[in-house]
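Throughout the sequence shown, residue numbering follows this note's numbering, covering 77 to 355 in sequence. Take a look at the structure below.
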Amino acid sequence: MTRAPMMRPWNRLLAGAALVLGTAAATTPAQQDDLDPADVAMVWHKLTGEPLDLAALAERSDAVRRASNFDRPDVLKAERARLEALLAGADPGREFTLKVSDNISQYDHDKAEFPIALFQSGYYVPLQAFGKEYQVVFANAASARAIPMAKEPAREFDARLNRLGRNVTNEIRFRVIGKGDPTGSVTGALVVRAEILGARLLDRDGAVLFTPKVVPYADAVAGSSDKPTAEAVPSFDPATSDVAGFRVGVKLKDLDATLQRLYGKTGRSSSNSGFAGYA
């Protein structure tokens, strides 16, 4: 585990990253090296135009909290100006490097490959910045999702992975390219779409186990018949969904009308639990 970077004064609320699936609880901390999650968040807000409440961030900063009541207005003003300058100066073309504790799944005999957990659909790297969680998804992860290997060399490689507990360090060089998961697997308001520029799988001693051949996102989209849009995939909205043909959240009289149209006369009844409904 490498040493965590020194936090900047305006960034002390930040926590580490971890590998998780969907919204499952994170259990394995990432090794961040020189990565500052707030830098990733700043670039994302600058690139996408998503609003960032700089006034609230300034209010919560260490500088403002430490200031006396007399000095607080001036310190708050200066802190707000500094944050505005940082956002304005964020470089959308900046590259980042992140080391994440990852896992290599069992050998897939049908596909002759070892799946890499982080690069499967639905996985993301959460980064804690500004008191919120940003979900980093890799748009071109499909080209790096597995280690292709014939069965005979795979047997020895599998034994090596077992000695490691199948745990590896995934070193990823990436840049932020937009918002939203193009596959629609990860949803939320703070989904950071990133492009992998390079990656290496390392063992516990830092030796390279595998280097995926990463396909640039633009090339992956151009070669796909199912081309994702530039905007984020809309998240699930239960108010616009149907369950077994019935719209969720409608008024009781509308539900009654639908039931009568489909099934005939209805009547009110109560269950043992005391819930009143139509039968």
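Don't be surprised by glycine CBs; every beta carbon is placed ideally from N, CA and C. Computed from a prediction, not measured in an experiment: that's the story for all the values here.
Among the options, the one whose alpha carbon lies nearest that of residue i
i           : options            : result
residue 241 : 180, 249, 198, 209 : 180
residue 254 : 178, 331, 212      : 212
residue 219 : 135, 293, 131, 142 : 293
residue 167 : 123, 231, 149      : 123
residue 184 : 201, 148, 158, 222 : 222
residue 116 : 208, 178, 158      : 208
residue 130 : 201, 205, 111, 182 : 205
residue 114 : 147, 268, 186      : 268
residue 112 : 133, 343, 296, 175 : 175
residue 172 : 272, 210, 146      : 272
residue 191 : 237, 291, 135      : 237
residue 158 : 141, 146, 137      : 137
residue 187 : 296, 281, 227      : 227
Residue i in three-state terms, based on DSSP
i           : result
residue 179 : strand
residue 252 : strand
residue 184 : strand
residue 269 : strand
residue 172 : strand
residue 245 : strand
residue 152 : helix
residue 212 : strand
residue 286 : strand
residue 204 : strand
residue 189 : strand
residue 278 : strand
residue 231 : helix
residue 40  : Limits of the chain in this structure are 77 at one end and 355 at the other, which puts residue 40 out of reach.
Chain-order list of residues whose beta-carbon lies under 6 Å from that of residue i (same chain, five-residue window excluded)
i           : result
residue 261 : 197, 198
residue 195 : 217, 220, 221
residue 47  : One cannot answer for residue 47 here, as it falls past the ends of the chain, which runs 77 to 355.
residue 143 : 151
residue 287 : 276
residue 210 : 117, 203, 266, 268
Residues near residue i by beta carbon distance below 7 Å, same chain, minus five either side
i           : result
residue 121 : 128, 163
residue 233 : 225
residue 170 : 119, 251
residue 278 : 244, 245, 247, 284, 285
Distance between beta carbons of residue j and residue i, contact taken as under 8 Å
i           : j           : result
residue 224 : residue 189 : 5 Å
residue 139 : residue 160 : Not quite, the Cβ-Cβ distance comes to about 15 Å (not below 8 Å), so this is no contact.
residue 248 : residue 275 : 5 Å
residue 215 : residue 258 : 5 Å
residue 332 : residue 342 : 6 Å
Residue i Cβ short of 7 Å to the ligand PLP heavy atom set
i           : result
residue 197 : As for the ligand PLP, it is missing from this structure, which has no ligand bound.
Cut-off 8 Å between Cβ atoms - residues of its own chain near residue i, not counting five sequence neighbours on either side
i           : result
residue 135 : 152
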